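What follows is one structure encoded as structure tokens, with my remarks underneath.
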Amino acid sequence: MNTFSVSGYDENNKRFSPCSLRSVKAVLQSKSDMCFEEEQIAFCGNKRVEIGEDCDEDIFGDEIEGTFPAKNHTTCCTNRCKFQPGAVCSPKNSPCCTKTCEFAVTSRICRQHNTESCRKEAYCTGECRNGVCLTFCEKSGIDMRPCICEN
């Protein structure tokens, strides 16, 4: 890591150096059991869909802009993290959900091509893993990378 900030536009700005990775790994291995613990209950309003929730939008608003309740709250999710009547999804929680709380057409791209993370674009086919859209190779179990990657 550098001691000063950069513009963030260079290709390597989203990568850690081997030295930084070793340093972070050492800290996590020695202290992670004291720092991280799994959440035991769902918390409505943290933008993460957890057990017992249908959806989870930012119901608390924007603290910086002072908007309470959230100005961008959709009609898909209630303030108790359940779908509104007729809603089947929330665009705040899924790139494959429309503003009318319906699943998007299969031709809609849910994940753009990204050379940095070596991911091809993926479409709203209804197939995902942990809420992340899968490419054809990932869905088919084909062990191929879409581009040359480094570990």
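Residue numbering for the sequence shown follows full-length UniProt numbering, starting at 1 and increasing by one per position. Glycine included, every Cβ here is placed at the ideal spot set by N, Cα and C. The structure displayed is predicted, hence computed values, not measured ones.
With respect to the alpha helix (DSSP H) encompassing D19, which residues constitute its N-terminal and C-terminal limits?
-> It should be pointed out that residue 19 corresponds to Cys in this sequence rather than to Asp. Taken as a continuous stretch (DSSP letters only), the alpha helix (DSSP H) holding C19 covers P18 to C35.
Decide if V49 is buried, meaning its Cβ has at least 16 other Cβ atoms within 10 Å, or exposed. buried
Practice item. Evaluate contact between the segment 75 to 86 and the segment 28 to 40, counting only Cβ atoms and requiring at least three cross-stretch pairs below 8 Å. Key: no
Check: DSSP on N12, reduced to helix/strand/coil?
Finding: helix
Mind checking N93: buried by the 16 CB within 10 Å criterion, or exposed? buried
Worksheet entry | Backbone CA spacing between R119 and N13 [nearest angstrom] | 18 Å
| Is T125 near T100, with beta carbons less than 8 Å apart? | no
Is A26 buried or exposed, if buried means 16 or more other CB atoms sit within 10 Å of its CB? exposed
Please identify the residue among P18, T115 and S30 whose C-alpha is closest to the C-alpha of D10. T115
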